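Worksheet for the structure shown next.
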Amino acid sequence: MGMQNDTQLNATGNNKQLQRLSVAGVYEALGTSDQGLSLEEVQKRLNEHGKNILREEKGQPLIVKLLANFTHLMAILLWAGGVVGFIAKMPELGIAIWLVNVINGLFSFFQEFRAEKATAALKQLLPTYARVVRDGEEKRIPAEDLVPGDIILLCEGDRISADARLVQDSDLRVDQSTLTGESHPVHKARNEIYRDDLTRAEFSNMVFAGTNVAAGTGMAVIYATGMNTEFGKIAGLTQSLKNEESPLQKEMRRITKVVSAMAVSIGIVFFIAAVALAGTDLAESFIFAMGMIVAFVPEGLLPTVTLSLAMGVQRMAKRGALIKRLSAVETLGCTTVICTDKTGTLTQNQMTVSDVWMPRRGYQVTGTGYAAEGSIVAEGSKDASVDADLASLLTGAGLCNNARLIPPNGESPRWTVLGDPTEAALLVLAQKGGIDPAEQASLAPHIRELPFDSSRKRMCTIHQPQGASFDNGTIVYVKGAPKEVLDLCASYVKDGKELEMDEALRDSAMRANDRYAHKGLRVLAVARRRLTKGSALPSSLSAYTAELVEKELTFLGLVAMADPPRPEVAEAVVKCHHAGIRIIMITGDYGLTALSIAHRIGIIKTDGARVINGVELEKMSEQELKEALSGEVVFARVAPEQKLQVVSVLQSMGHVVAVTGDGVNDSPALKKADIGVAMGMTGTDVAKEAADMILTDDNFASIVNAVEEGRTVYNNIRKFIVYIFNSNVPEALPFILYLFSRGAIPLPLTIMQVLSIDLGTDMVPAIALGADLPEKGIMDNPPRSQKAPLLNGSVMKRAFLWYGLIEAVIGMIGFALLYHLHGQFHLPLQGTGEIYRMATTMTLAAIVFSQIGVVFACRTTRLPAVHRGMFNNKIILVGIAVEISLLSILMYFPPLHELFNTAPLELREWAILAVIPFVVLLLDETRKALQRSRRNIRACGEKL
Ligand code: ATP
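When you line the sequence shown up against our numbering, it's residues 185 to 1128, in that order.
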């Protein structure tokens, strides 16, 4: 054993080699027992060893992140521009340019910081839990509170949270790939090991933090936590993985580069034109060119995109969907197919047994929920009656069971369930029939179990009644999917006798099953087997396999339970269909049950839907599956691993696929899917780890909400890009007029005024668009293609040739109007003095007021702007207030007049300005109305 471990053992008062100790020795060495630690002891050890967490590797220090915003290419250009200002003896201009640079840098930093905070907060929403035994009681606690000496319980799908030595095991297999890279699960057992030639990970009686339970169950005593674990030692490696940029962020980076290059070229052209055409001196021309570059470069784009994504993630979290990577937000917006399982996602996972079928007769069960209030009434009779056959069935149902019923308490006014609701429903059933499962368990203690797995679709428990010997009188109870169980039955019980199974009985059982399934009920079969001397089972319990145990069964009966659909699902399904998203149910449950639920919630609309079961699916070629997938289809009785096949084929058909899952075997499909969705409540740690998104409420409707948010984020990003880009046109046109009129028209908008728009008035409204609410009708369009570029022709046209041009024209009209109002409108226009300053102020103000109109116009793509309500985005209103305040300061604060070439405007000019937003909106509404009617005409044409 290595040094590290000795230290840890020393810390708990013993330095013996842990792998060599017997179970009792392990308890002693770690100062604990099978009852676990007392809470007092836990507290002491927590103080001594600290929390069970890995030290976060520190990211870049804040100051480095801050400085990065002042040292990129654009910032350097601006610093240089400021220097030129000083050299050219225009210190105010130099300072102003620097100031702009500082504001801009701070703004970007602030946005990044907020985005990071938002994503960091999400991490805390995803704690891992561990099951421990403390003070003799089983508890679920946050994994970070584990201490050496704690007893942890392990079951399939659990992530192991600390290094521990096994004291109990049952077919335990652990996936240690995070530690060793070996993806094949390794077998683990509690036996002592005396070999010295093994590496730590090869100790089969130890389990390690960061690895996962692939199968089986176990119990172990923790000996190392936090940074002392094997995983802690290599954690540095895994944490240093870079946070991957999302495609949208990458595209933004690219767009920023392309536009920057364009801006620099335009700057150079303007520089040459200013010197050659207008005869401006060199320094002034340089600053001129700089102004153009700054005006055109979309510096704020990337941080605003990141922030938009992060805020989308935050909104999704509030609606029940936790996103693990920013890029998942975008992918969600493109989702074309959602593959969902049924139980718990589409249905409530609130099971109530309603019917029982036995070879002799059927029964109806009254009462709903998990309270044992109700009775079991034989068909055709009115009174409750439980005969010996039914009692055997109820005993089996109650014993082959791991659920617990929790009485009403402070947390819940109703009976609740710990464990699988299907099993809980069976406990309730047994109690309604007067059988107490706990009492039965004490009469025939549970000695072994082959846990339920979705591929086998059944489970069994082995019980040894008092006085019975292992090979005489020991009983196996099996329950599971009817077909799977009936196939293994050799006899059945009727009137207390075991009769030989025949096809007639199998048929009538399956017919009963189908009748229940038609009604959407979930059906389970219960069977038993009495082990006798001739059973030829191995004497060692651990050598038991499903093949050996689950055979020659005696069929006891069928149990049918209702699991009503979640009420919100039907609406979510309609929303998906409007949004052009297909829903495919992939369930482990029986075909008819699946079909009935699918019909009820509207996933399936026609009667011709195809049900493909696991066995058929296995045999299908890719081509056949493709054909099947192009029609209505439900996958039933499939094993989780088969989801992968469906996902792959859908992807090869060009679909963007979201798939849900909760078990260990679901993880390949979750990883392969474009969006893997794990269940937060019922999902295993392994599934959560493989997923991109976790549903905190396990609810299908939350997936649909997340898709809506995903679409919204993308739309918003597009909108603010249109908004940011369009002001480039009114900023550039004045220079063009000035240059081409060779000074006859003095510069209508100065460089400092350009900067005050780009880095002043435009900022808040752009953010407001980036964080806008979902647009009405966003779920009425088909999904966008993942390959479609963010900036397509129509976006560019709208930005530059429509809004941009409108603003440019309005700005220039404002400029000319001011001369006109003051009786000085004749060429060459006067280029100095109060009137000129008022005129440039008017251009600036006209552009700002146009932008107010545009920000509202941008909020909808096709529908009228009023459709969204004018006052429901508070940030827009704040933005407008900021715009007008900044403008007023520039006008009425004399020290700024010189630098910004501004002057106060008169009331009549303000009155004109106030009309501008309405003019812009009116023009845009006309365009949208025309576009809508053209679409309608086209749509009618297509229908005819
Ligand atoms: P979904 O995949 O939609 O969540 P599901 O829960 O029905 O559906 P599985 O958990 O794979 O899917 O179950 C498959 C079948 O196994 C069920 O239809 C049921 O007949 C049987 N089954 C489910 N739970 C148990 C259990 N705890 N013990 C025995 N059999 C079970």
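Idealized CB from N, CA, C, for every residue including glycine. Just so you know, these numbers come straight off a predicted model, no measurement behind them.
Hey, residue 1067 and residue 1032 are a contact pair by Cβ (cut 8 Å); roughly how many whole angstroms apart?
Position 883 of the sequence shown, counted from the first residue, corresponds to residue 1067. Position 848 of the sequence shown, counted from the first residue, corresponds to residue 1032. Yes, they are in contact, since the Cβ atoms of residue 1067 and residue 1032 sit about 5 Å apart, within 8 Å.
Might you give, ordered along the chain, the residues of its own chain that have their beta carbon closer than 8 Å to the beta carbon of residue 785, omitting 5 neighbours on each side?
In the sequence shown, residue 785 corresponds to position 601, counting from 1. Cβ within range, chain order: 530, 749, 753, 754 and 757.
When every heavy atom of the ligand ATP is checked, does at least one fall within less than 8 Å of the C-beta of residue 673?
Here residue 673 is taken as the residue at index 489 of the sequence shown, counted from 1. Outside the cutoff, so no.
Through-space distance from residue 835 to residue 520, alpha-carbon basis:
Working through the sequence shown from its first residue, we reach residue 520 at position 336. Working through the sequence shown from its first residue, we reach residue 835 at position 651. The alpha-carbon atoms of residue 520 and residue 835 are separated by roughly 10 Å.
From residue 458 to residue 481, what distance separates their C-alpha atoms?
To locate residue 458, count along the sequence shown from 1; it is residue 274. To locate residue 481, count along the sequence shown from 1; it is residue 297. Rounded to whole angstroms, residue 458 to residue 481 spans 20 Å at the Cα level.
In three-state terms, what does DSSP make of residue 661?
On the sequence shown, residue 661 is found 477 positions in, with the first residue counted as 1. Correct three-state label for residue 661: strand.
So is residue 402 buried or exposed if we call it buried at 16+ other beta carbons inside 10 Å?
Taking the sequence shown and counting its residues from 1, the one referred to as residue 402 is at position 218. Flag for residue 402 reads buried.
Residue interval of the beta strand (DSSP E) (run including residue 862):
Residue 862 sits at position 678 when you count from the first residue of the sequence shown. Here the beta strand (DSSP E) through residue 862 covers 859-863.
Within a Cβ cutoff of 7 Å, which residues of the same chain sit near residue 624, ignoring the five residues on either side of it in sequence?
Looking up residue 624 in the sequence shown gives position 440. Around residue 624: 579, 582 and 583.
With DSSP collapsed to three states, give me the class of residue 599.
Numbered from its first residue, the sequence shown carries residue 599 at position 415. Correct three-state label for residue 599: coil.
Using a Cβ cut-off of 9 Å (strictly closer), state whether residue 1014 contacts chain C.
The chain labelled as chain C is not found in the depicted structure, where only one protein chain is given.
Applying the 10 Å Cβ sphere with the 16-neighbour rule, what's the burial state of residue 398?
Here residue 398 corresponds to residue number 214 of the sequence shown, with the count starting at 1. Buried, because 16 or more other Cβ atoms sit within 10 Å of the Cβ of residue 398.
Would a C-beta distance cut-off of 9 Å place residue 314 and residue 281 closer than the cut-off?
The residue labelled residue 314 in the question sits at position 130 within the sequence shown. The residue labelled residue 281 in the question sits at position 97 within the sequence shown. Against a cut-off of 9 Å, the Cβ pair of residue 281 and residue 314 comes out as no contact.
When DSSP labels each residue in this structure, what does residue 926 get in the three-state scheme?
Numbered from 1 along the sequence shown, position 742 holds the residue referred to as residue 926. Residue 926: coil per DSSP, three-state reduction.
Rounded C-beta distance between residue 347 and residue 440? I'm assuming under 8 Å.
Stepping through the sequence shown from its first residue, residue 347 is reached at position 163. Stepping through the sequence shown from its first residue, residue 440 is reached at position 256. At roughly 47 Å, the Cβ-Cβ gap does not stay under 8 Å, so residue 347 and residue 440 are not in contact.
If you check the beta carbons only, do residue 537 and residue 513 fall under 9 Å apart?
Against the sequence shown, residue 537 aligns to sequence position 353. Against the sequence shown, residue 513 aligns to sequence position 329. Cβ atoms of residue 537 and residue 513: not closer than 9 Å.
Measure the Cβ-Cβ separation of residue 286 and residue 278 and say whether it is below 9 Å.
In the sequence shown, residue 286 corresponds to position 102, counting from 1. In the sequence shown, residue 278 corresponds to position 94, counting from 1. No; because the gap between Cβ atoms is not below 9 Å, this pair is not in contact.
Reduced DSSP category for residue 424 - H, G, I as helix; E, B as strand; rest coil
As a working note, residue 424 is residue 240 in the sequence shown. With a pLDDT of only 37 at residue 424, under the threshold of 50, the placement of this residue in the model should not be trusted; the figure read from the coordinates follows. Of the three classes helix, strand and coil, the one that applies to residue 424 here is coil, per DSSP.
Could you tell me whether the Cβ atoms of residue 1097 and residue 961 are closer together than 9 Å?
Position 913 of the sequence shown, counted from the first residue, corresponds to residue 1097. Position 777 of the sequence shown, counted from the first residue, corresponds to residue 961. Cβ atoms of residue 1097 and residue 961: not closer than 9 Å.
Assuming residue 711 contacts residue 669 (C-beta within less than 8 Å), just tell me the rounded distance between them.
Against the sequence shown, residue 711 aligns to sequence position 527. Against the sequence shown, residue 669 aligns to sequence position 485. Yes, residue 711 and residue 669 are in contact; Cβ-Cβ is about 5 Å, under 8 Å.
In the structure shown, what three-state DSSP assignment does residue 323 receive?
Here residue 323 is taken as the residue at index 139 of the sequence shown, counted from 1. Strand, per DSSP.
Should residue 525 be listed as close to the ligand ATP, given that the test is whether its C-beta is under 8 Å from any heavy atom?
Locating residue 525 in the sequence shown gives position 341, counting from the first residue. Yes, the ligand ATP has a heavy atom inside 8 Å of this Cβ.
Determine the direct distance from the alpha carbon of residue 745 to that of residue 614, and round the result to whole angstroms.
Translated into the one-based positions of the sequence shown, residue 614 becomes position 430. Translated into the one-based positions of the sequence shown, residue 745 becomes position 561. Answer to the nearest angstrom: the Cα atoms are 13 Å apart.
Proximity test, residue 1186 beta-carbon vs the ligand ATP heavy atom, cut-off 8 Å:
Outside the modelled stretch of the chain, which goes from 185 to 1128, sits residue 1186, for which no answer is possible.
Sufficient close CB pairs (3 or more, under 8 Å) joining the region 486-502 to the region 441-456:
no
If I measure Cβ to Cβ from residue 794 and keep anything under 8 Å in the same chain, skipping five residues before and after, which residues do I get?
Counting from one through the sequence shown, the residue named residue 794 turns up at place 610. The answer, listed in chain order, is 812, 815, 816, 817 and 818.
Within a Cβ cutoff of 7 Å, which residues of the same chain sit near residue 929, ignoring the five residues on either side of it in sequence?
Along the sequence shown, one-based indexing puts residue 929 at 745. The answer, listed in chain order, is 921, 922 and 1013.
I need the DSSP call for residue 891, collapsed to helix, strand or coil.
Taking the sequence shown and counting its residues from 1, the one referred to as residue 891 is at position 707. Helix at residue 891.
Assign residue 678 to one of three DSSP states: helix, strand, or coil.
As a working mapping, residue 678 is identified with position 494 in the sequence shown. Strand.
Please state if the CB of residue 893 and the CB of residue 1140 are separated by a distance shorter than 9 Å.
Residue 1140 is absent from the structure shown; the chain starts at 185 and stops at 1128.
Confirm the yes/no value for this check: CB of residue 636, any heavy atom of the ligand ATP, distance under 8 Å.
Here residue 636 corresponds to residue number 452 of the sequence shown, with the count starting at 1. Residue 636 Cβ: within cutoff of the ligand ATP.
DSSP state of residue 984, grouped into three classes?
Here residue 984 is taken as the residue at index 800 of the sequence shown, counted from 1. Looking at residue 984 - three-state DSSP - the assignment turns out to be helix.
Just the C-alpha distance for residue 300 and residue 487, rounded to the nearest angstrom, thanks.
The count along the sequence shown starts at 1 and reaches residue 300 at position 116. The count along the sequence shown starts at 1 and reaches residue 487 at position 303. Each residue's Cα considered, the two are about 11 Å apart.
Secondary structure of residue 635, DSSP reduced to three states
Translated into the one-based positions of the sequence shown, residue 635 becomes position 451. Here residue 635 sits in strand by DSSP.
Following a CB-centred definition, is residue 604 positioned closer than 8 Å to any heavy atom of the ligand ATP?
Residue numbering aside, residue 604 sits at position 420 when the sequence shown is read from its first letter. Indeed, a heavy atom of the ligand ATP lies less than 8 Å from the Cβ.
Tell me whether residue 554 sits in a helix, a strand or coil according to DSSP, three-state version.
Within the sequence shown, residue 554 is the residue found at index 370, counting from 1. In the structure shown, residue 554 sits in coil (DSSP, three-state: anything other than H, G, I, E or B).
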